[in-house]
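Report on one structure; see the data block that follows.
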Amino acid sequence: MDFDRTIAALEKNGYRVTCFATAEDAARYLEGGITGKSVGFGDSDTLRRMGLFERLAARNRVVDPQHCAAGKSFTDTARECLTTEVFLTSVNALAATGELVNIDGTGNRLAGSLFGHQKVYFVVGANKIAPTLEAAVWRARNVAAPRNAARLGLRTPCARRGDRCYDCASPDRICNGMLIHFKKMNDIDMEVVLIDEELGF
Numbered sequence: 705m706d707f708d709r710t711i712a713a714l715e716k717n718g719y720r721v722t723c724f725a726t727a728e729d730a731a732r733y734l735e736g737g738i739t740g741k742s743v744g745f746g747d748s749d750t751l752r753r754m755g756l757f758e759r760l761a762a763r764n765r766v767v768d769p770q771h772c773a774a775g776k777s778f779t780d781t782a783r784e785c786l787t788t789e790v791f792l793t794s795v796n797a798l799a800a801t802g803e804l805v806n807i808d809g810t811g812n813r814l815a816g817s818l819f820g821h822q823k824v825y826f827v828v829g830a831n832k833i834a835p836t837l838e839a840a841v842w843r844a845r846n847v848a849a850p851r852n853a854a855r856l857g858l859r860t861p862c863a864r865r866g867d868r869c870y871d872c873a874s875p876d877r878i879c880n881g882m883l884i885h886f887k888k889m890n891d892i893d894m895e896v897v898l899i900d901e902e903l904g905f
């Protein structure tokens, strides 16, 4: 994948971009750069694989729907993530033309990436890069969503068959909303942390 083209497009769209050869390098960078903050996580397999909850929790107050505190539900925890100083999430696809694409069932990841934080980090593995916006949307729907549904053990056609989106009406459906970041949102510092490894779905 042409990282230089992708980086140039992201920077043209207003994002700060940092690149790392490995997930460990990126995790050390985030660990060193985020201290003394309230930090919210979008529900992300990428962040989980990088061990970022444990690493950042050493010097920050971290709120993550995958690590709900005693007595708190997923919804309560996800809502609290929307009020933190810093928000970390990944994307389902990144177009080499500079757009970020996410699909969500509950909306917490989408909402958290839009407004209210001092800083938002998008942590993205190289496998998420698609050559065009159209290809990125296709990837989000037909690669990322089915794999996420299967990971969560949901009863959807895409999870059972693992091949594509069926635009189903299942109560377990996780692709209820799609967000395309065409450019960086106003008044928020947004950084794409690009990693030259396969991470997440």
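In this note's numbering, the protein residues as written are 705 to 905.
Ideal Cβ positions, reconstructed from N, Cα and C, are used throughout, including at glycine.
May I ask you to report which of helix, strand or coil DSSP gives K716? helix
Starting from the N-terminal side, write out each stretch of the alpha helix (DSSP H) that is 4 residues or longer and does not extend beyond the segment 792-878. 812-816, 837-843, 849-855, 861-865
Could you tell me which uninterrupted alpha helix (DSSP H) segments, each at least 4 residues in length, are contained entirely in the segment 731-804, listed from first to last along the chain? 749-753, 756-761, 778-785
Cutting at 8 Å between CB atoms, please list the residues of its own chain near C872, excluding the five before and the five after it. T860, P861, C862
Mind the definition here: the segment 810-821 touches the segment 840-856 only if three or more C-beta pairs lie below 8 Å; say whether that holds. no
If we count the other Cβ atoms within 10 Å of its Cβ and call it buried at 16 or more, is F778 buried or exposed? exposed
First and last residue of the uninterrupted beta strand (DSSP E) at I899: 893-899
Given L856 as reference, the closest of D747, G736, M894 once Cα atoms are compared: D747
Limits of the beta strand (DSSP E) - the one that L903 falls within: No beta strand (DSSP E) holds L903; DSSP gives it neither H nor E.
Do E902 and N831 count as a contact pair if the criterion is CB distance below 8 Å? yes
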